[in-house]
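Per our numbering, the sequence shown starts with residue 1, numbered consecutively.
Built from N, CA and C at the ideal position, the CB exists for glycine as well.
Everything numeric in this text was worked out from a predicted model, so none of it was measured.
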Amino acid sequence: MRKDSVLGPFFNGKIHDWEAHLQHLTTFWESSLFMSGKLEKKYLGNPLEVHVTVDKENNHSITELHFGIWLNYWIQTIDVLFMGDVADNAKRRARKMGTFMYLKIFEARAKNK
């Protein structure tokens, strides 16, 4: 993501502690995919709010292209590292989340005009 010419500027402009961010993302996806009370850490946060803020800070320039590029990286990574039902679920959830987030970002723009 950091080196991607389209996504990199968004990530690199906002994230300064990549180690902490990657841990935060790992916790988010573990919570999202496994939803178990037995998890060591549970995700606390509002990813939609963060994405709406990033869009606003970047002159409302996030498009469906950005989510498509991210989703392609996600699916490629899942396919290399994992297989089976959980992997399929991770890809399915990412598709749904990407669509939902983009629609909500678009709605937030309309509300703030």
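*Residue range of the alpha helix (DSSP H) that includes Leu-81*: 64–81
*Where does Val-6 sit, in a helix, a strand or coil, going by DSSP?*
coil
*Pick from Lys-3, Asp-55, Asp-79 that is closest to Thr-106, judged by C-alpha positions*: For the record, residue 106 in the displayed sequence is Phe; it is not Thr. Among Lys-3, Asp-55, Asp-79, the Cα nearest to that of Phe-106 is on Asp-55.
*Can you give the beta carbon distance from Val-86 to Leu-33, rounded, assuming they're within the 8 Å contact cut?*
6 Å
_Can you list, in chain order, the residues of its chain with a C-beta nearer than 6 Å to that of Ile-78? Leave out the 5 residues immediately preceding and following it._
Ala-87, Ala-90, Lys-91
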